[in-house]
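Take any residue in the sequence shown, note its place counting from 1, add 1, and you have its number in this note's numbering.
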Amino acid sequence: MAWKTLKQQEDVFSSHTITEAIWIITYDTASVVHGLLKQLYLASMTKNSVNIAELAFMASGNIEMFVAGTETTSSTFEWGMAEILRKPDAYKKIVMELDQVVGKDQFVEESDISNLPYLPAAVKEVFWLHPAIPLLVPRSTNEACEVSGYHIRKGCIVLVNVWGMARDPSVWEDPYEFKPERFLGSNIDVKGHDFNLIPFGSGNRSRIGLPLGHHMVHFYLAALIHAFEWEFPDDILDNVEERMGLTIQKGKTLVGLPKPRLSDSAYLH
Ligand code: HEM
Numbered sequence: 002m003a004w005k006t007l008k009q010q011e012d013v014f015s016s017h018t019i020t021e022a023i024w025i026i027t028y029d030t031a032s033v034v035h036g037l038l039k040q041l042y043l044a045s046m047t048k049n050s051v052n053i054a055e056l057a058f059m060a061s062g063n064i065e066m067f068v069a070g071t072e073t074t075s076s077t078f079e080w081g082m083a084e085i086l087r088k089p090d091a092y093k094k095i096v097m098e099l100d101q102v103v104g105k106d107q108f109v110e111e112s113d114i115s116n117l118p119y120l121p122a123a124v125k126e127v128f129w130l131h132p133a134i135p136l137l138v139p140r141s142t143n144e145a146c147e148v149s150g151y152h153i154r155k156g157c158i159v160l161v162n163v164w165g166m167a168r169d170p171s172v173w174e175d176p177y178e179f180k181p182e183r184f185l186g187s188n189i190d191v192k193g194h195d196f197n198l199i200p201f202g203s204g205n206r207s208r209i210g211l212p213l214g215h216h217m218v219h220f221y222l223a224a225l226i227h228a229f230e231w232e233f234p235d236d237i238l239d240n241v242e243e244r245m246g247l248t249i250q251k252g253k254t255l256v257g258l259p260k261p262r263l264s265d266s267a268y269l270h
């Protein structure tokens, strides 16, 4: 499976530009994710614990092939699993809509994502609370300007603190709470023009990974939450310490047990 996927990627990359290739691979991910779900099913039979960060890294690595895309996607996914699973209300809503839309006899398909209203609100909340690159990529000013009363000289290096912006109590209600309702039915999106929510940055730099990263976080979360119940030790799940690396990662990595929740035929198909 992994070899086949890599081979497909080589073919794609040898004959297309990078941007075209990313788009093609975006639409060729179901086999990788469904393959992982089947491996998890086998792991669950032997009661083997699963490391969520490694799992996402494996899937992202197979699909995305870039450091910029792998660590950002896997850390967002790990934070997403942690936040959703430690909020029983949000978890129940997501499971309920997955069961209604997908049922319990098959895996989630990528086309199902657009029929799930609550999951995208939860994913926006994850992007908002845990932006993978907290200070974006540094910028330099082309000309002198004023920002919030501060004079910025031409040629200054400017860092945009997306992490801090989300935690500003003068703008957001309960900024430290994971509340997907904040974005339910809201038109704010992550494409870089709503400056309230810019986890992918803004401008040309954000265009590269946005379609694939955005899509994969939704798909991983939907697939893993739909196909398994997850058991994580409370002290690991509830611990929201952050570890700073290339991205902001969850300090205590999620390692837990998956328990199948679909009919056997879904995994053995
Ligand atoms: C959840 C997933 C992802 C998040 C949150 C994310 C976030 C970001 C952010 C914040 C930047 C800096 C943009 C700016 O400063 O305006 C960036 C740059 C970049 N991303 Fe992503 N990204 C993700 C997925 C991906 C994927 C899947 C790829 C590749 C397939 C990718 C490739 C890149 C590249 C190459 C840059 C550098 C662009 C430049 O500096 O010109 N990203 N990403």
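Here a beta-carbon is modelled for each residue, glycine too, at the ideal position from N, C-alpha and C.
Sequence-distant residues of the same chain with beta carbon closer than 8 Å to residue i, five excluded per side
| i | result |
| --- | --- |
| valine 102 | Asp113, Asn116, Leu117 |
| leucine 255 | Asn52, Ile53, Ala54, Glu79, Met82, Ala83, Phe233, Ile237, Leu238 |
| leucine 136 | Leu160, Val161, Asn162, Val163, Trp164 |
| serine 264 | Lys105, Asp106 |
Distance between residue j and residue i (C-alpha atoms, nearest Å)
| i | j | result |
| --- | --- | --- |
| lysine 88 | cysteine 146 | 43 Å |
| lysine 260 | phenylalanine 229 | 5 Å |
| tyrosine 221 | valine 34 | 7 Å |
| proline 176 | leucine 37 | 34 Å |
| arginine 206 | arginine 140 | 11 Å |
| valine 241 | phenylalanine 179 | 11 Å |
| alanine 133 | glycine 204 | 17 Å |
| valine 109 | cysteine 157 | 47 Å |
| glycine 165 | leucine 225 | 30 Å |
| arginine 168 | leucine 130 | 8 Å |
| methionine 97 | glycine 186 | 18 Å |
| valine 159 | methionine 46 | 51 Å |
| glutamine 250 | isoleucine 199 | 18 Å |
| glutamate 182 | tyrosine 119 | 8 Å |
| glutamate 174 | glycine 193 | 22 Å |
| valine 191 | glutamine 107 | 30 Å |
| valine 218 | phenylalanine 128 | 10 Å |
| alanine 57 | lysine 48 | 19 Å |
| serine 32 | aspartate 235 | 32 Å |
| leucine 258 | leucine 43 | 12 Å |
Range covered by the alpha helix (DSSP H) that runs through residue i
| i | result |
| --- | --- |
| isoleucine 95 | 89 to 103 |
| proline 259 | Segment 256 to 261 is the beta strand (DSSP E) holding proline 259; no alpha helix (DSSP H) there. |
| arginine 244 | No alpha helix (DSSP H) contains arginine 244, which is instead part of the beta strand (DSSP E) from 243 to 245. |
| isoleucine 232 | For the record, residue 232 in the displayed sequence is glutamate; it is not isoleucine. No alpha helix (DSSP H) holds glutamate 232; the beta strand (DSSP E) holding it covers 229 to 232. |
| asparagine 205 | 205 to 208 |
N- and C-terminal bounds of the beta strand (DSSP E) containing residue i
| i | result |
| --- | --- |
| isoleucine 249 | 249 to 251 |
| arginine 183 | First-last for arginine 183: undefined, no H or E at that position. |
| tyrosine 151 | 151 to 153 |
| asparagine 34 | As written in the sequence, residue 34 is valine, which differs from the asparagine given in the question. Not the beta strand (DSSP E): valine 34 falls in the alpha helix (DSSP H), residues 31 to 46. |
| valine 148 | 146 to 148 |
Contacting residues, own chain, Cβ-Cβ under 7 Å from residue i (five flanking each side not counted)
| i | result |
| --- | --- |
| lysine 39 | Tyr268 |
| phenylalanine 184 | Ala122, Lys125, Glu126 |
| lysine 253 | Ile237, Asn240, Glu242 |
Exposure of residue i, with buried meaning 16 or more beta-carbon neighbours within 10 Å
| i | result |
| --- | --- |
| isoleucine 95 | buried |
| valine 172 | exposed |
| glutamate 72 | buried |
| lysine 170 | Sequence inspection shows proline at residue 170; the lysine mentioned does not correspond to that position. By the 10 Å Cβ count, proline 170 comes out exposed. |
| lysine 93 | exposed |
| valine 148 | exposed |
| isoleucine 85 | buried |
| serine 76 | buried |
| glycine 104 | exposed |
| glycine 210 | buried |
| leucine 247 | exposed |
| histidine 215 | buried |
| glycine 150 | exposed |
| leucine 41 | buried |
Same chain, Cβ closer than 6 Å to residue i, five either side skipped, listed in chain order
| i | result |
| --- | --- |
| leucine 99 | His227 |
| aspartate 195 | Ile189 |
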